[in-house]
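Q: At position 61 of the sequence shown (counting the first as 1) the number is 61 in the UniProt record's numbering, and the numbers step up by one without a gap. Yeah, the Cβ is synthetic: ideal placement off N, Cα and C, and Gly gets one too. All values reported here derive from a predicted model rather than from experimental measurement.
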Amino acid sequence: MRDTFHAELANVSLADAMHGLSDPLRLRIVGLLAHQGETECSDIYNALGISKSNASHHFRVLRECGILLRTHQGQQQSARLRADEFEARFPGLLRAVLDNVDPA
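If you want it as structure tokens, here you go:
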């Protein structure tokens, strides 16, 4: 299995972060993870009614902008927000987003 890339938040620009949060589906993923905490990736795409390949694309974008961390346990893959790290890098941004996003 290939290693999963996770952005070093110190190297993520505000423009990168905003790009990651600019898609309505990614906002739904962020809202779902904020509400549920760490969640299996398959549960996320099933809850949102999207294909695995579509979800994988959005997970990648969210990892590249530094907001999502994906973990592996055997065959299971889970995702969680890097909320504390993201907040330290971009104070107030995640809270502002979550205050305006309904949980999925």
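What ranges does the alpha helix (DSSP H) occupy inside the UniProt domain "HTH arsR-type" (6-104), keeping only unbroken runs of at least 4 residues that lie completely in it?
A: The qualifying runs are 14-20, 24-36, 41-48, 52-64, 83-89 and 93-98.
Q: Around the C-beta of L14, are 16 or more other C-beta atoms found within 10 angstroms, so that it is buried, or is it exposed?
A: Along the sequence shown, read from residue 1 onward, the residue named residue 14 stands at position 14. Exposed, because fewer than 16 other Cβ atoms sit within 10 Å of the Cβ of L14.
Q: Determine the closest residue to A7 out of R80, K52, V61 and L33, with distance taken between C-alpha atoms.
A: Here residue 7 refers to the residue found at position 7 when the sequence shown is read from its first residue. With distances taken between Cα atoms, A7 lies closest to V61.
Q: Between T39 and L32, which are expected to be in contact by the criterion C-beta below 8 angstroms, what is the C-beta distance as a whole number of angstroms?
A: Working through the sequence shown from its first residue, we reach residue 39 at position 39. Working through the sequence shown from its first residue, we reach residue 32 at position 32. Indeed, because the Cβ distance is near 7 angstroms, the residues count as touching under 8 angstroms.
Q: So is A96 buried or exposed if we call it buried at 16+ other beta carbons inside 10 Å?
A: Start at 1 with the first residue of the sequence shown, and residue 96 comes out as number 96. The residue in question, A96, is exposed, as its Cβ has fewer than 16 Cβ neighbours within 10 Å.
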